[in-house]
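Here's the structure we're looking at; comments come further down.
Protein chains in written order, with this note's numbering: chain A, 1 to 276; chain B, 1 to 340.
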């Protein structure tokens with residue numbers, strides 16, 4: 001067999017991203033039909049239930065929009081937590097992580113692939129929540145805010161998935177009981193990110209601390225831009241700038257975490273599950 | 001890295017470098033109450049074009065050795081080079097040249113088809129999709145999996161799955177292929193197909209090398225050009241299967257089956273003229289394997305058996321096998337070693 005020229009590191013990186021996104025894309029595109037129920041229909045019920053709570057309490061109409069937008073963003077957090085942060089841990093259990101590590105690719109490329117695949121899947125879910133919730137409950141959005149809100153949303157996603165990469169490294173290394181760890185992070189983040197209420201209600205101090213999570217700022221910015229008059233932490237421009245600053249910070253932290261993780265794992269044998 | 005190893009490698013051209021070379025390789029795991037020495041100073045030289053077997057019981061250190069050579073694990077001390085590259089410092093380059101397939105491997109994604117899964121792993125090496133598909137299709141054909149190319153991985157039998165794993169290991173055309181117990185739990189036919197493909201692959205290109213760990217003696221005997229016998233982190237012998245069996249060939253190897261009864265192994269081992277002995281229970285009988293210095297030693301054996309009152313159900317001499325070589329070198333059979 002003739003030996004092909006060695007591919008460049010960037011080619012390996014890009015091919016890995018696409019290849020790792022592929023299983024998530026094919027599952028979304030109909031190979032696993034149960035996904036439609038578990039990933040779209042059932043989560044939609046949670047959002048609808050919360051809207052009914054607000055309606056029963058005669059909350060102001062913008063609050064229904066709060067809930068619908070919160071339901072959209074919640075999908076991304078769940079994706080980051082359950083399908084990204086925990087993924088390497090499951091991959092280690094079935095031996096796939098070993099194969100990633102001994103290949104010439106980088107774990108960061110694998111994670112990026114997971115993230116892209118996850119974003120596609122989750123965006124489908126978020127779009128259904130947004131469309132159904134908005135139509136069902138007659139939520140009106142500020143037309144002029146759509147484009148800036150999309151911009152803030154994209155920056156939020158980038159920062160969020162960079163944070164997800166950091167969590168993936170931490171979970172892999174410390175997460176003997178990943179299930180509990182994920183659960184422990186799920187509800188508190190729902191709470192401090194203000195998925196179903198304006199985070200400012202928690203006082204500026206708690207809101208400020210919660211701003212370390214891209215979701216908090218992103219959701220607050222998108223709500224301000226689409227639902228004028230919403231109670232907010234600070235202006236959407238400032239929030240988007242802080243989010244933009246979080247991107248390189250979390251990306252750097254993720255690269256650092258994976259470098260340290262691999263070094264330590266090779267030293268301590270933590271990438272290996274099989275016996276001596 | 002030792003100075004000797006550095007200078008010998010520096011003065012070599014790439015093709016003359018050994019495929020694998022280790023010196024005083026040691027790996028210790030931290031554990032409670034005391035640390036576990038998985039490798040206790042291993043020296044190994046594997047030439048290009050070889051199928052090299054690492055044979056030993058579970059827990060002998062085989063998998064630790066493989067993990068170090070495949071860059072998954074750092075050695076505690078000593079040095080190791082694969083394809084001329086240091087596994088500690090040059091691991092990123094080395095990963096372009098190696099591949100690993102483990103027995104019972106369930107890696108990957110069950111919802112993908114066989115062809116998609118193989119393509120996915122080829123992309124981690126940056127292969128162009130057209131080239132990857134051409135190689136995948138050829139290998140699927142060769143291993144009799146062409147018909148299931150578009151079947152979901154989750155629907156494969158264990159034999160098919162392991163053949164697919166082997167293709168995954170071959171598709172990136174590695175210089176050194178590591179096979180860690182590749183036929184464990186496979187039926188006879190699937191195990192034979194895997195062994196046949198390994199032989200064919202190595203015969204295609206003299207620059208390729210296979211490192212195989214197994215605790216199936218017959219597999220090592222049939223497949224390997226040379227073998228290292230590992231036990232408790234040490235290499236106790238290495239050579240061709242014929243060389244390893246040579247020591248035993250001077251002895252008389254006797255299989256003796258006795259009806260179950262009082263333990264006899266220690267009494268037999270203590271007899272003059274009995275070089276080694278092992279026993280494996282089988283249904284209602286105990287099968288003893290005895291290495292005798294000469295035929296005359298058999299009379300002592302029969303006396304001990306008679307005194308024990310146990311009935312002989314079968315007795316016969318046979319040609320020595322690798323199992324016998326292992327017993328002679330280690331003093332216990334492979335299964336006894338695993339139980340310790």
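We treat Cβ as the ideally placed atom computed from N, Cα and C, and that holds for glycine.
Residue i beta carbon near the ligand GTP (any heavy atom closer than 6 Å)
i	result
residue 66 of chain A	Among the components of this structure there are no ligands whatsoever, and the ligand GTP is therefore not found.
Nearest-angstrom beta carbon gap, residue j and residue i [assumed within contact, 8 Å]
i	j	result
residue 103 of chain A	residue 112 of chain B	That pair is no contact at about 17 Å.
residue 233 of chain B	residue 39 of chain B	5 Å
residue 98 of chain B	residue 70 of chain B	6 Å
residue 183 of chain B	residue 195 of chain B	7 Å
residue 215 of chain A	residue 77 of chain A	6 Å
residue 108 of chain A	residue 255 of chain A	6 Å
residue 57 of chain B	residue 27 of chain B	About 17 Å; that fails the 8 Å criterion.
residue 68 of chain A	residue 139 of chain A	6 Å
residue 227 of chain B	residue 41 of chain B	That pair is no contact at about 19 Å.
residue 73 of chain A	residue 195 of chain A	7 Å
residue 301 of chain B	residue 268 of chain B	6 Å
residue 118 of chain B	residue 168 of chain B	6 Å
Where residue i falls, given that 16 or more other Cβ within 10 Å makes a residue buried
i	result
residue 8 of chain B	For residue 8 of chain B, the pLDDT reaches just 43, beneath the cut-off of 50, and the residue's location in the model is therefore unreliable, leaving the point undetermined.
residue 240 of chain A	buried
residue 61 of chain A	exposed
residue 33 of chain B	exposed
residue 13 of chain B	Its pLDDT being 41, under 50, residue 13 of chain B is placed unreliably in this model, and the coordinates cannot settle the point.
residue 252 of chain A	exposed
residue 303 of chain B	exposed
residue 65 of chain A	buried
residue 83 of chain B	buried
residue 228 of chain A	exposed
residue 262 of chain A	buried
residue 283 of chain B	exposed
residue 87 of chain A	buried
residue 341 of chain B	Look at the range of chain B in this structure, 1 to 340, and you will see that residue 341 of chain B is not part of it.
residue 6 of chain B	The pLDDT assigned to residue 6 of chain B is 43, lower than 50, so where the model puts this residue is not dependable, and the model offers no usable value.
residue 250 of chain A	buried
residue 107 of chain B	buried
residue 135 of chain A	exposed
residue 318 of chain B	exposed
Residue i at chain C interface by Cβ criterion, 7 Å
i	result
residue 267 of chain A	This model lacks chain C altogether; the protein chains it does include are A and B.
**Request:** Determine which residues of the region 71 to 102 of chain A have a Cβ less than 9 Å from any Cβ of chain B, and write them out in chain order.
**Result:** The residues in question are 91, 94, 95, 96, 97, 98, 99, 100, 101 and 102.
**Request:** Taking a Cβ distance cut-off of 8 Å, strictly less, list which residues of the region 14 to 35 of chain A are near chain B, in chain order.
**Result:** Against chain B - using a Cβ distance shorter than 8 Å - the residues of the region 14 to 35 of chain A are 15, 16, 18, 19, 20, 22, 23, 26, 27, 31 and 32.
**Item:** Under 8 Å (Cβ pairs) to chain A, residues found in the region 99 to 112 of chain B
**Value:** Taken in chain order, the members of the region 99 to 112 of chain B whose beta-carbon sits within less than 8 Å of a beta-carbon on chain A are 99, 100, 102, 105, 106, 107, 108, 109, 111 and 112.
**Request:** Pull out every residue of the region 62 to 91 of chain B whose Cβ sits closer than 7 Å to any Cβ of chain A, in chain order.
**Result:** Listed by position, the residues of the region 62 to 91 of chain B near chain A (Cβ gap below 7 Å) are 63, 64, 67, 70, 71, 72, 73 and 74.
**Request:** Determine which residues of the region 213 to 227 of chain B have a Cβ less than 9 Å from any Cβ of chain A, and write them out in chain order.
**Result:** From the region 213 to 227 of chain B, no residue has a Cβ closer than 9 Å to chain A.
**Item:** Runs of alpha helix (DSSP H) lying entirely within the region 30 to 82 of chain B, each at least 4 residues, in chain order
**Value:** Taken in chain order, the complete alpha helix (DSSP H) segments of 4 or more residues contained in the region 30 to 82 of chain B are 62 to 69.
**Item:** chain B contacts made by the region 111 to 124 of chain A, where a contact means CB separation under 8 Å
**Value:** The region 111 to 124 of chain A vs chain B, Cβ under 8 Å: nothing.
**Prompt:** What residue ranges within the region 178 to 229 of chain B form continuous alpha helix (DSSP H) runs of no fewer than 4 residues, ordered along the chain?
**Reply:** Runs of the alpha helix (DSSP H) inside the region 178 to 229 of chain B: 188 to 204 and 217 to 223.
**Asked** Which residues, in order along the region 33 to 53 of chain A, keep a beta-carbon less than 7 Å from a beta-carbon of chain B?
**Response** Those residues of the region 33 to 53 of chain A that come within reach of chain B (Cβ to Cβ, closer than 7 Å) do not exist; the list is empty.
**Contact set between the region 119 to 143 of chain B and chain A, restricted to residues whose Cβ is under 9 Å from the partner** = Listed in sequence order: 119, 120, 121, 122, 123, 124, 125, 126, 127, 128, 129, 131 and 135.
**Prompt:** Given a limit of 8 Å on CB to CB distance, which residues of the region 150 to 167 of chain B reach chain A?
**Reply:** Cβ contacts with chain A come from no residue of the region 150 to 167 of chain B.
**Request:** Check distances from the C-beta atoms of the region 240 to 265 of chain A to those of chain B and list, in chain order, the residues that come in under 9 Å.
**Result:** Listed in sequence order: 263 and 265.
**Secondary structure, alpha helix (DSSP H): runs of 4+ residues fully inside the region 5 to 78 of chain A** = 9 to 26, 42 to 56 and 62 to 78, all fully within the region 5 to 78 of chain A.
**Asked** Within the chosen definition, does the region 207 to 222 of chain A reach the region 240 to 250 of chain A through at least 3 CB pairs nearer than 8 Å?
**Response** Yes: the two stretches touch, three or more of their Cβ pairs being nearer than 8 Å.
**Item:** the region 180 to 188 of chain A in contact with the region 123 to 130 of chain A per 3-pair CB rule at 8 Å
**Value:** With a cut-off of 8 Å, the region 123 to 130 of chain A and the region 180 to 188 of chain A do not count as touching, because too few Cβ pairs lie within range.
**Message:** Tell me whether the region 254 to 264 of chain B and the region 273 to 288 of chain B touch, counting them as touching only if at least three CB pairs, one residue from each stretch, are closer than 8 Å.
**Reply:** Yes, they touch.
**Request:** Enumerate, from N- to C-terminal direction, the unbroken beta strand (DSSP E) stretches of 3 or more residues contained entirely within the region 267 to 330 of chain B.
**Result:** Here the runs fully enclosed are 274 to 282, 285 to 292 and 312 to 318.
**Item:** Touching by the beta-carbon criterion (3+ pairs, under 8 Å), the region 226 to 245 of chain B and the region 323 to 335 of chain B
**Value:** Proximity of the region 226 to 245 of chain B to the region 323 to 335 of chain B meets the contact definition, three or more beta-carbon pairs being nearer than 8 Å.
**Asked** Is there contact here, the region 110 to 121 of chain A with the region 11 to 18 of chain A, by at least three beta-carbon pairs under 8 Å?
**Response** Contact holds: three or more Cβ-Cβ distances are below 8 Å.
**Message:** Any C-beta of chain A within less than 7 Å: which residues of the region 255 to 276 of chain B qualify?
**Reply:** Here the close residues number zero.
**Message:** Measuring CB atoms only, is the region 49 to 56 of chain A touching the region 141 to 158 of chain A, in the sense that at least three cross pairs come out at less than 8 Å?
**Reply:** The answer is no - the region 141 to 158 of chain A does not touch the region 49 to 56 of chain A, with fewer than three Cβ pairs under 8 Å.
**Three CB pairs or more closer than 8 Å across the region 284 to 292 of chain B and the region 237 to 256 of chain B** = Contact holds: three or more Cβ-Cβ distances are below 8 Å.
**Sequence ranges, beta strand (DSSP E) only - wholly within the region 124 to 202 of chain A, length at least 3** = Note on the region 124 to 202 of chain A: there is no whole beta strand (DSSP E) run with a minimum of 3 residues.
**Request:** Pull out every residue of the region 197 to 224 of chain A whose Cβ sits closer than 7 Å to any Cβ of chain B, in chain order.
**Result:** Per Cβ criterion, the list is empty.
**Prompt:** Mind listing which residues of the region 154 to 165 of chain A have their C-beta closer than 9 Å to chain B's C-betas, in chain order?
**Reply:** Listed in sequence order: no entries.
**Item:** Three or more C-beta pairs below 8 Å linking the region 204 to 213 of chain B and the region 137 to 144 of chain B
**Value:** The region 204 to 213 of chain B vs the region 137 to 144 of chain B: no contact.
**Request:** Report the residues of the region 296 to 307 of chain B with a CB closer than 8 Å to any CB of chain A, ordered along the chain.
**Result:** For the region 296 to 307 of chain B, which is checked against every Cβ of chain A, not one residue is closer than 8 Å.
**Item:** Residue ranges of each beta strand (DSSP E) within the region 140 to 180 of chain B, 3 or longer
**Value:** Within the region 140 to 180 of chain B, the complete beta strand (DSSP E) runs of at least 3 residues are 176 to 180.
**chain A contacts from the region 187 to 204 of chain B (Cβ-Cβ distance under 9 Å)** = Under the 9 Å Cβ criterion, the region 187 to 204 of chain B contributes 204.
**Item:** Short-range partners of chain A found in the region 38 to 57 of chain B, where Cβ spacing is below 7 Å
**Value:** Along the region 38 to 57 of chain B, the positions whose C-beta sits under 7 Å from a C-beta of chain A are 38, read in chain order.
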